[in-house]
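One structure is given below, encoded as structure tokens.
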Amino acid sequence: MVPVAPHQLEARNTIRSTWGAESSVQGKAVLTLFFVGLTGGSKAQQQLEEESRQHRDLVQSNFVDSYFNLTIKTMVIMDWLATRCPQASYAMKADSDIYLNLENLMNLLLAPNTPRENYMTGHLMIKQLVVRDKTSKWYVSEELYPKREYPTYVQGAGYVFSNDLPEKIVEISKEVMAFNIEDAYVGACLKRLGFAPSSPPDPSQFRLSMQQYKQKDFLSVISVIVGSPNQILRVWKDVDARNAIRSTWGNESSVQGKAVLTLFLVGLTGGPEAQQQLEEESRQHRDLLQSNFVDSYFNLTIKTMVILDWLATRCPQTQYSMKVDSDMYLNLENLMNLLLAPNTPKENYITGMVMWDAPVIRDKGSKWYVSEELYPEPKYPTYLLGMGYVFSNDLSKKLVEASKNVKPFNIEDAYVGACLKQLGVEPSSPPDPSKFKAYLGQYIREDFFRVITTILGSPQQLIDIWKDVKRPT
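Residue numbers (our numbering): 1 to 473.
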């Protein structure tokens, strides 16, 4: 349950594309909802209603959405849980600026000694003084709360509770005078009910902040305040994408008797702390290659040419290579079946999801925009969609050489197609084109036995699907 202001669309979309995208963790259903108040204008309300129709994850209530109404918003959440979602086992109130590790949260909730009733945990606040300074946003008058200290409560950034509590808290709140410090108010309601929040088994898993970015810390926490949607995205991509691959298809070192190696290519990190963490990750896993370019979407062509140059100079002995994006599911058994088939060429071979007659985008507002100066033709030559394509390794050196005669542009897969055209090599359609899928749609386990590769929504989805596909039937 994420309380968020109506105008904070970026925050909602970030959560939707990271931890909020999870619908199942360790076989348990998970639902993320956003709670908003009044928008303050008809146009903003119309936009919010359109967003709600699109995502079906917004709950709106009739109060002015402001910091001083957070207690009202939390009680609306509690009432909604009690009346609309009584079948849930546990719920979590999570602010929109936190990173949430659902695997670790589920480990906590599924532990045999975790209570099923009258349970609330998170970052405990003990013997907190009531702020009487009228200039502070945490000010509470003696009239509203006369005691000097708050009862023990759970810090409001993110706390977890058994779902029997919402109804009890809503009922007891009728006897507890409301004040504007919402997490402390929930603590006051718990005290009136006759119990206190529980300290988590590992208190370090609920963090208010981290002094500096350390990848391993994000693997161990349940929640931590990170401050902005961009930071959530950065942490999610950095921590989860590579580790999800390492724990699934990237963990294979031999398939059908053939050696397999998975490597990650990255560019510059943009800061000394991030670089230090990347070097630590490299020492730990020995699977990172770093090159001297700014790592961004518009530099994907550079990144691909770095990959090809590395393959040509550092790994010429390999027979085949595959360039695959970090959000992909990869079935190595099916890939090996394709490569070991007697009619699969050993040279000048590249295959995947073939794109024919794709028009060049001239709309300057599009991230796929390419100017006529960079690429004057109205259509690209035949190429392979960049999510995942396989090639005989003789092509690596040939493509690097051909690229010296082809002006670079930022659509990396189409650029590889232009280099192939310069070489006079046509991409091959795979024997079964359905094995390279952009998206599979609704999850059907059997589909993942048939494909070679397909795009997934998140690292956690890769882990969940991998576990399901690998389980004994």
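Positions of the beta carbon are idealized from the N, C-alpha and C atoms, including for glycine.
Buried versus exposed, by CB contacts within 10 Å (16 or more), residue i
{"i": "S403", "result": "buried"}
{"i": "W236", "result": "buried"}
{"i": "R207", "result": "buried"}
{"i": "R56", "result": "exposed"}
{"i": "Y439", "result": "exposed"}
{"i": "A418", "result": "buried"}
{"i": "M177", "result": "exposed"}
{"i": "L124", "result": "buried"}
{"i": "F195", "result": "exposed"}
{"i": "N113", "result": "exposed"}
{"i": "L281", "result": "Leu is not the amino acid found at residue 281; the sequence shown has Glu there. Buried is the call here."}
{"i": "K127", "result": "exposed"}
{"i": "K367", "result": "exposed"}
{"i": "P475", "result": "Any property of residue 475 remains undetermined from this structure, which presents the chain solely from 1 to 473."}
{"i": "T473", "result": "exposed"}
{"i": "R132", "result": "exposed"}
{"i": "W19", "result": "buried"}
{"i": "E333", "result": "exposed"}
{"i": "L335", "result": "buried"}
{"i": "D464", "result": "buried"}
{"i": "T135", "result": "exposed"}
{"i": "N405", "result": "exposed"}
{"i": "A29", "result": "exposed"}
{"i": "G158", "result": "buried"}
{"i": "N410", "result": "buried"}
In DSSP terms, what residue i is bridged to
{"i": "P359", "result": "K379"}
{"i": "F264", "result": "L288"}
{"i": "R207", "result": "V224"}
{"i": "F480", "result": "Here the chain comprises residues numbered 1 to 473, so residue 480 is not present and cannot be evaluated."}
{"i": "I15", "result": "Note: I15 sits in no beta bridge, so no partner."}
{"i": "M125", "result": "Y153"}
{"i": "T305", "result": "Reading off the sequence shown, one finds Met at residue 305, where the question assumed Thr. None, per the DSSP bridge assignment."}
{"i": "S24", "result": "A29"}
{"i": "V370", "result": "BP columns for V370 are empty, so no partner."}
{"i": "F34", "result": "V2 and L58"}
{"i": "F391", "result": "S321 and I350"}
{"i": "Y139", "result": "V131"}
{"i": "S198", "result": "T121"}
{"i": "S428", "result": "T351"}
{"i": "V416", "result": "BP columns for V416 are empty, so no partner."}
{"i": "K467", "result": "Note: K467 sits in no beta bridge, so no partner."}
{"i": "L384", "result": "V354"}
Supposed contact pair residue j and residue i - C-beta distance, whole angstroms, cut 8 Å
{"i": "V400", "j": "A312", "result": "6 Å"}
{"i": "M75", "j": "V2", "result": "Rounded, the Cβ-Cβ distance is 16 Å, inconsistent with contact."}
{"i": "K35", "j": "V59", "result": "It is Phe, not Lys, that sits at residue 35 in the sequence shown. Confirmed, about 5 Å."}
{"i": "V354", "j": "P427", "result": "6 Å"}
{"i": "A91", "j": "F161", "result": "6 Å"}
{"i": "A21", "j": "S458", "result": "5 Å"}
{"i": "P430", "j": "L338", "result": "7 Å"}
{"i": "N299", "j": "G267", "result": "7 Å"}
{"i": "P327", "j": "L456", "result": "Note on residue identity: the sequence assigns Asp, not Pro, to residue 327. Contact flag correct, Cβ pair sits at about 6 Å."}
{"i": "F436", "j": "G352", "result": "5 Å"}
{"i": "S61", "j": "G37", "result": "6 Å"}
Cβ pair residue i, residue j closer than 8 Å
{"i": "K303", "j": "L330", "result": "no"}
{"i": "V469", "j": "R450", "result": "no"}
{"i": "A184", "j": "Y150", "result": "yes"}
{"i": "T248", "j": "L462", "result": "yes"}
{"i": "P115", "j": "L48", "result": "no"}
{"i": "M106", "j": "V186", "result": "no"}
{"i": "P197", "j": "M120", "result": "yes"}
{"i": "G388", "j": "T301", "result": "no"}
{"i": "Y369", "j": "V416", "result": "no"}
{"i": "Y99", "j": "V224", "result": "yes"}
{"i": "G502", "j": "E347", "result": "The displayed coordinates of the chain run from 1 to 473. Any statement about residue 502 would go beyond what the structure contains."}
{"i": "W138", "j": "I181", "result": "yes"}
{"i": "S96", "j": "A11", "result": "yes"}
{"i": "L420", "j": "I350", "result": "yes"}
{"i": "I245", "j": "N104", "result": "no"}
{"i": "S291", "j": "N393", "result": "no"}
{"i": "P200", "j": "L108", "result": "yes"}
{"i": "N163", "j": "A241", "result": "no"}
{"i": "Y380", "j": "A414", "result": "yes"}
{"i": "P378", "j": "P359", "result": "yes"}
{"i": "M210", "j": "D202", "result": "no"}
{"i": "W310", "j": "L289", "result": "yes"}
Completely contained alpha helix (DSSP H) runs for the stretch 74-116, where each covers 4 or more residues: Those alpha helix (DSSP H) runs which fall completely within the stretch 74-116 and span 4+ residues are 102-110.
Contained beta strand (DSSP E) runs [length at least 3] in the stretch 152-186, N- to C-terminal order: Look at the stretch 152-186 and you find these whole runs of beta strand (DSSP E), each 3 residues long or longer: 158-162.
Unbroken stretches of the beta strand (DSSP E), 3 residues or longer, contained in the stretch 312-365: Counting whole runs of 3 or more residues, the stretch 312-365 contains the beta strand (DSSP E) stretches 320-324 and 328-330.
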